[in-house]
Structures are given as C-alpha cells and as structure tokens.
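Just so you know, the sequences run in chain order C and H. Going by numbering that gives the first Met the number 0, the first sequence opens with residue 0, and the numbers climb by one from there. Going by numbering that gives the first Met the number 0, the second sequence opens with residue 0, and the numbers climb by one from there. Worksheet: the structure to be examined is printed underneath.
There are 2 protein chains.
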Amino acid sequence: MNLETLQLYCDVVRLRSISRGAAANTVSQSAASQAIQQLEAELDAALLDRSRRPLMPTEQGRAFYEACRALLQGFEKARADLAASRERVEGTVRVAAIYSVGLHDMSRHMQPFMSAYPQARVRLECLHPHKVVEAVIEDEADVGILSYPTASRSISVLPLRSEPMVLVAHPSHRLARRRSVAPSELQGEKFVAFDRDLPIRRAIDRALKQQEVAVEVVMEFDNVETIKQAIGINSGVSILPRPTVLKESEMRTLAVMPLGLPNLVRPVGIIHRRGRRLTPVVARFIEQLQQPADAAPGGPAGMSRP
Amino acid sequence: MNLETLQLYCDVVRLRSISRGAAANTVSQSAASQAIQQLEAELDAALLDRSRRPLMPTEQGRAFYEACRALLQGFEKARADLAASRERVEGTVRVAAIYSVGLHDMSRHMQPFMSAYPQARVRLECLHPHKVVEAVIEDEADVGILSYPTASRSISVLPLRSEPMVLVAHPSHRLARRRSVAPSELQGEKFVAFDRDLPIRRAIDRALKQQEVAVEVVMEFDNVETIKQAIGINSGVSILPRPTVLKESEMRTLAVMPLGLPNLVRPVGIIHRRGRRLTPVVARFIEQLQQPADAAPGGPAGMSRP
DNA sequence: AACATGACATTAGAGTTGCTAATAGTGGTA
DNA sequence: TACCACTATTAGCAACTCTAATGTCATGTT
Numbered sequence: 000m001n002l003e004t005l006q007l008y009c010d011v012v013r014l015r016s017i018s019r020g021a022a023a024n025t026v027s028q029s030a031a032s033q034a035i036q037q038l039e040a041e042l043d044a045a046l047l048d049r050s051r052r053p054l055m056p057t058e059q060g061r062a063f064y065e066a067c068r069a070l071l072q073g074f075e076k077a078r079a080d081l082a083a084s085r086e087r088v089e090g091t092v093r094v095a096a097i098y099s100v101g102l103h104d105m106s107r108h109m110q111p112f113m114s115a116y117p118q119a120r121v122r123l124e125c126l127h128p129h130k131v132v133e134a135v136i137e138d139e140a141d142v143g144i145l146s147y148p149t150a151s152r153s154i155s156v157l158p159l160r161s162e163p164m165v166l167v168a169h170p171s172h173r174l175a176r177r178r179s180v181a182p183s184e185l186q187g188e189k190f191v192a193f194d195r196d197l198p199i200r201r202a203i204d205r206a207l208k209q210q211e212v213a214v215e216v217v218m219e220f221d222n223v224e225t226i227k228q229a230i231g232i233n234s235g236v237s238i239l240p241r242p243t244v245l246k247e248s249e250m251r252t253l254a255v256m257p258l259g260l261p262n263l264v265r266p267v268g269i270i271h272r273r274g275r276r277l278t279p280v281v282a283r284f285i286e287q288l289q290q291p292a293d294a295a296p297g298g299p300a301g302m303s304r305p
Numbered sequence: 000m001n002l003e004t005l006q007l008y009c010d011v012v013r014l015r016s017i018s019r020g021a022a023a024n025t026v027s028q029s030a031a032s033q034a035i036q037q038l039e040a041e042l043d044a045a046l047l048d049r050s051r052r053p054l055m056p057t058e059q060g061r062a063f064y065e066a067c068r069a070l071l072q073g074f075e076k077a078r079a080d081l082a083a084s085r086e087r088v089e090g091t092v093r094v095a096a097i098y099s100v101g102l103h104d105m106s107r108h109m110q111p112f113m114s115a116y117p118q119a120r121v122r123l124e125c126l127h128p129h130k131v132v133e134a135v136i137e138d139e140a141d142v143g144i145l146s147y148p149t150a151s152r153s154i155s156v157l158p159l160r161s162e163p164m165v166l167v168a169h170p171s172h173r174l175a176r177r178r179s180v181a182p183s184e185l186q187g188e189k190f191v192a193f194d195r196d197l198p199i200r201r202a203i204d205r206a207l208k209q210q211e212v213a214v215e216v217v218m219e220f221d222n223v224e225t226i227k228q229a230i231g232i233n234s235g236v237s238i239l240p241r242p243t244v245l246k247e248s249e250m251r252t253l254a255v256m257p258l259g260l261p262n263l264v265r266p267v268g269i270i271h272r273r274g275r276r277l278t279p280v281v282a283r284f285i286e287q288l289q290q291p292a293d294a295a296p297g298g299p300a301g302m303s304r305p
C-alpha cells in the first residue's frame, strides 16, 4: 500500500478518469488501471463504478477518497515540517562550556562567526566540567569546551590552547608585591583549592608535590569564581589560569604573580562526539574557535599591507 | 513511499531497535535496515541516531514518528470505515417501484425475506414509472419494479406477472351490475384515461382500436389512485389492472367487471442494471419477488402435510 | 586494554513487483 | 450500427525488494 497509489486514486476520482489520473501521475494508463485494481483488491472494496461514463466513485469510494486526501495532506505536512526542522537543526550550534571559558571565549568569536554564517544560531550553555562531557555524549551539545579534556571511545578532543597558571593572592598578602614567586615560597601557605575530583586540582597537587612543597588547604571549591571570591576576603592564596584573573589583575583587586612552573598549565580543548559527522555549521564554528586570539577579524584575507 | 515502511519505522522507534522492528513486521533485519535507509533518503533527513545504543530517533525523527502514527491511525480508520460501509451497502436492497405495485407487493414479500436475511435492510421508494427506470440507471436503486418494463442497453428485465385488466366504473353506472362487459359496449363511453406518454395508455388504446371501439376521454392522469378517485365521483369509467382495484371491489366502492380482452394485460417486471453483478442480498430479494403470491411463507421447506 | 556480544550496515543474488506497449473489450453517441 | 473514447488484459522487460551471509561498530566485561 503506497502513497503514490493513493495519490493516483485521488487524481482519478478528482479527474473522473483513469487515463487522466495516469497522465497526472506520469504513468501509463495501463499502470494506473492495474494500480487501482490492486488498491481495490487490497481494500476488498469496489471504489469506482466503471460501468458508467464518466467514471464515478461508489459511495465507499467517495468516503475513501476523502480519507485519502486528508492522509496525503497530512503526509505532505509531515514532510514539510521535517524539512523546516532540518533547516533549523542544521543551522544551530549547541555549545556546552565550563564557566571559566564560556562567555569570555564566546564573545571573542561570535562576531566573525555570525558574519560568515548570518542565519546560524548559537546556543551556549555554561555547565560544570563533567556536565559538559555528559552533554556532548548525550547529544545535547554539538561541541564542548572545557579544560583538561580527555578523549574516550565516544569523545574526540581538539586542543585549543594551554593557559599558564599563576599565583593569585589578596593585594595585602606578603607576596603580593613580588614580580614572581618561586614554588618553594608557598610552603605552609594557606591555600584555596579546587575540588579534589577536578583534573586541575590533581595537576596542581602533582606540580607542588614534585617541587616538594606542601600547602595548607583551607577551602575547596568547584569553580574559579568562588575561589577568587575566597581570595578576595583574604582566605588564602591559590593557583589559577591566568586568563581567568585577567580583569582582576588589571583592576588591582587581586595580585597575580608568575610561578616558576612552566609545565603547570591548564589545557583547554574542544570535544565532540567521535565518529559523528559534523554539520557544516558546526565544523565552521570549531574552525573559528581555533583562530588565535589576536587573529584579524574577517578571516585569512586580512588587511595586511605589502 | 509505502505505508508498510512507515509502520516499520514506527515500530523501530517504539521498540528502539531495527531488528525488533523487523521482527514485528516479519521481515529480515536487512530488509528493515534498507527500508529505513531508503525512507531517510526519500525524506532527505536523518531520522535515527545509530551511533548510540540503544537506537534513538533524532529530534526530526521523533516529530516524524508522531506524524506517522497519526497517519497510520488515520489510514486504519479509513480502512475500517470502508469495511463497515461495505457491510452496510452489501446488506441493503434499494427498491424503486411504481405506486401501484410498491406497498402491496412489498408487504407480501417482506416477512419471508427478512426472516431469511435478518440483518438485511430494504429501502423502498415509490416513484413515477420513468423515475423508476432513471433510479436504476443512475444506480440509486438496485432493482426497479414497474409495469411495461423495457430492456435496453443498460437495463435488464425479469418478467414478474401479467395483471388482467378490468373495467372499473362507479357503482351507480349503467354497467355496474353486469357480470362482464364486452368491449363494444364501451362505445362513446366517458373514459378516465392514463396520460398519453404511459405505456399502459398506449396498450389500452391499441386494444380498443383493435375492437373498433371509440371512447370519450374526459380526463387523463399519470397514476391509478387518481383515476380511481375520478371514477369515484362518477366522472367516467376506466380500464385498470385488477390487483389495483381489489380493495375497492371488495368494499363495493367501485364496480369491477371483466372485459373480453384476454390479451389486454399489464405486465409487471423487475429491472436492474445490465452487466452489474448483483450482490447476494439483491439476488435473493429478486428470487423472493418471483415467488408466486400463494407460495407458503417460510420457503420451500414449508408446512405441507403428507 | 583486549575481548565478547549484540546490533546495524553492506553486498550479491533470487524472487517478486510494477511498468510499458500492444491489444481486446465496453459504454456512450451520431 | 458504427465509431469514438476509455478501460481491461496480456506479455515481456526493467526495477525493485527481500534474504542470507558477511562486515562494521558500540557497549559491557574480564
């Protein structure tokens, strides 16, 4: 039972003729005749009264015709809805990012991206790190942006940048005026740390242990913003990615000092579902994210002079 | 695009599995896989996310699933309605009869017919003779009962009986007391006739002319009932089929006398559309009509004693 | 981390279906 | 009655759809 046959039947009834119905569907009269007969056989009902000219549907045939029209109309609507949905879905980039990179990175890339893809839609969600991974795995986000990304069977990673880690202290702290601080100077220092289950915490712990420095962890938080607030009330010092304290450094609300630990960085990366073909819009969005921070807006055909 | 594929797709979504969907539709997993792929190709949309287990419909796939369910439900309803309509139509006999045979003949045949086909429905319409033919030609009636039936390309005739024609007069008429009347005695008589375009009029005219009798036509009507009324007010005599004046004869409201014209009869017959296969119910109804008037009710297995 | 498992995709070949062209049959009409 | 227009039928060919076998992949386990 196929929809083309139902369409043919509707045309036959509407045009009062099998031949005209056949022509309307660009098939031979024979094919139309056979198709209608088969339809009647499948339904076990006489739909057309062929013993009169012009052809007329029987009472049942007329009822079935009305039903068919509704059916075909419904199908065409479903098809149209599908196409519209596809337009929308394929033009949307769903981004899941951790708080500390979300808005900052987005604001830098949004304008060039939107001018390249004017009808694209970007949806950004800021989440806890493991929620970012979850969102990508569950196909609730097309791309995830997070620190310490780890590839897995279902997740691919594209490295984005490595953020140097710096010592952050209250402006009144004894080390606040220093140009730089050696790791050993943190021995016994009150320390505001990340939660133990975060990769950044493990990276910092490992680096300090390697330097044989022990700090006194006085607080633990799961995000940068709260740690900064704790330092702001002089609860202790911390080690944070430099970009996350850029504004506070400029405003002198927090003191920011390099540490002599070049290997201690926070890698930031993009993740997406492995093996899943990216839509053109998503691929282009990722390319945009990979542009360095100082790239001229407008792409490679920039305004460099000879 | 066929409905079985849509059904398959719905089952696949519902069961979260192509193999289970295939099983539900008693086809191989391969066939189901190909069918779904073809569906996606025809719609140019990714309906299923196969990169996860268990299988999940995409956002578009879910919307299409809902639409499909409604569509299939609508089709099943149409199919069911069709079956119900067929039951009803095939169990119905539409009868068109002229006034003078309609109710009288029906009442005699209805009871045995209905006991043989308890769920059958009989619809009787009493019409003018040419409307009876028209109704049968236009397929508004399955059978027609009328006098002087004529076969044609689209009409078949089954003779039913020949009704003897009798002289009918007012009880006070000079011929009213006669046992029988010779045609010649009608010479110059005031006569209430049928309309000129009716076959019965032509038959009567022909018979009188053959006897070289000329009557004075004072009125013309298109039906028996009105002629009887005219005679009732002593407007003249008429020649009518005997069965149509049976009641008046018994009640002595009209005088009924045989005429010596054995060839002058009104043939009554059944007509139906030629070449049109009769439904069993219609065929059985015709058989019932052809039973003689004195047949025992209850059919051939009657209550005759040894 | 390799392996086992269950599920989907792919492929090739067999069987069926559906189409076209030609022809026969039928209702309406001059 | 013959003709016209339309539908049914037939036969043969092309296209499609199905199945069985095999390949590939995602997931859970040891």
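Backbone N, C-alpha and C fix where the C-beta goes; we use that ideal spot for every residue, glycine too.
Proximal residues to residue i (C-beta, below 8 Å), its chain only, five neighbours per side dropped
i: H/Leu253; result: Val167, Ala168, His169, Pro170, Lys227, Ile230, Gly231, Val244 and Glu247
i: C/Gln118; result: Gly90
i: H/Ala31; result: Leu7, Val11, Ile17, Ser18, Gly20, Ala21 and Asn24
i: C/Gln186; result: Val212, Ala213 and Val214
i: C/Val165; result: Ile238, Leu239, Pro240, Arg241, Val244, Val255, Met256, Pro257 and Leu258
i: H/Val131; result: Ala95, Ala96, Ile97, Ala140, Gly143, Ile144, Leu145 and Ile270
i: H/Leu42; result: Phe63
i: C/Ser179; result: Met256, Pro257, Leu258 and Gly259
i: C/Val92; result: Ala119, Arg120, Val121, Arg122, Asp141, Val142, Val280, Val281 and Phe284
i: C/Glu39; result: Ala45, Leu46 and Leu47
i: H/Met109; result: Val121
Nearest residue (CA-CA) to residue i, options the options
i: H/Ala95; options: H/Ile269, H/Gln290, H/Arg265 and H/Tyr116; result: H/Ile269
i: H/Ala206; options: H/Leu258, H/Leu157 and H/His127; result: H/Leu258
i: H/Asn1; options: H/Arg49, H/Leu71, H/Thr25 and H/Arg61; result: H/Leu71
i: C/Pro182; options: C/Ala140, C/Arg52 and C/Asn262; result: C/Asn262
i: H/Ala34; options: H/Leu5, H/His127, H/Gly90 and H/Ala22; result: H/Leu5
i: H/Cys9; options: H/Ala62, H/Ala150, H/Arg51 and H/Asp43; result: H/Ala62
i: C/Pro148; options: C/Val212, C/Glu133, C/Arg51 and C/Ala282; result: C/Glu133
i: H/Ser155; options: H/Arg276, H/Leu46, H/Glu162 and H/Arg251; result: H/Arg276
i: C/Gln287; options: C/Ile203, C/Val165 and C/Val121; result: C/Val121
i: C/Leu174; options: C/Asn233, C/Thr278 and C/Ala140; result: C/Asn233
i: H/Arg265; options: H/Glu162, H/Asp80 and H/Leu38; result: H/Glu162
i: H/Gln290; options: H/Arg177, H/Leu157, H/Ser153 and H/Glu3; result: H/Leu157
i: C/Arg15; options: C/Gln37, C/Ser29 and C/Leu54; result: C/Leu54
i: C/Val88; options: H/His129, H/Thr57 and H/Gln210; result: H/Thr57
Spatial neighbours of residue i in its chain, beta-carbon cut-off 6 Å, leaving aside the 5 residues before and after
i: H/Pro296; result: Note that H/Pro296 has pLDDT 43, beneath the 50 cutoff, so the model's placement of it is unreliable and no number is given.
i: C/Glu219; result: Ala192 and Asp194
i: C/Asp221; result: Asp194
i: H/Lys189; result: Glu215, Val217 and Gly235
i: H/Ala44; result: Gln59
i: H/Ser99; result: Val223 and Thr243
i: C/Leu123; result: Val94 and Met105
Under 7 Å from the C-beta of residue i: neighbouring residues of chain H
i: C/Ala24; result: Reading off the sequence shown, one finds Asn at residue 24 of chain C, where the question assumed Ala. Neighbours of C/Asn24 on chain H: none; closest Cβ ~13 Å, over 7 Å.
i: C/Arg205; result: Going along chain H, no residue has its Cβ under 7 Å from C/Arg205, so there is no contact; the nearest lies around 35 Å.
9 Å Cβ cut-off: residues of chain C touching residue i
i: H/Met0; result: Asn1, Leu2, Glu3 and Phe74
Close-in-space but distant-in-sequence residues of the same chain around residue i (CB under 7 Å, 5 per side omitted)
i: H/Ser84; result: none
i: C/Tyr116; result: Val280 and Arg283
Under 7 Å from the C-beta of residue i: neighbouring residues of chain C
i: H/Ala44; result: Leu81 and Arg85
Within chain H, partners of residue i - CB distance below 8 Å
i: C/Glu58; result: Ser84 and Val88
**Study point:** Against chain H: residues of the segment 60 to 84 of chain C by CB proximity under 8 Å
**Key:** Correct list: Ala62, Phe63, Ala66, Cys67, Ala69, Leu70, Gly73, Phe74, Lys76, Ala77, Arg78, Asp80, Leu81, Ala82 and Ser84.
Point to revise | At least 3 beta-carbon pairs within less than 8 Å: the segment 101 to 120 of chain C vs the segment 190 to 201 of chain C | key: Cβ pair count under 8 Å is below three, so no.
Check your understanding: Quick check: the segment 75 to 88 of chain C against the segment 53 to 68 of chain H, are there 3 or more CB pairs under 8 Å?
Key -> Yes, they touch.
**Study point:** Near-chain H residues of the segment 258 to 273 of chain C (beta-carbon distance less than 8 Å), N- to C-terminal order
**Key:** Those would be Arg272, in chain order.
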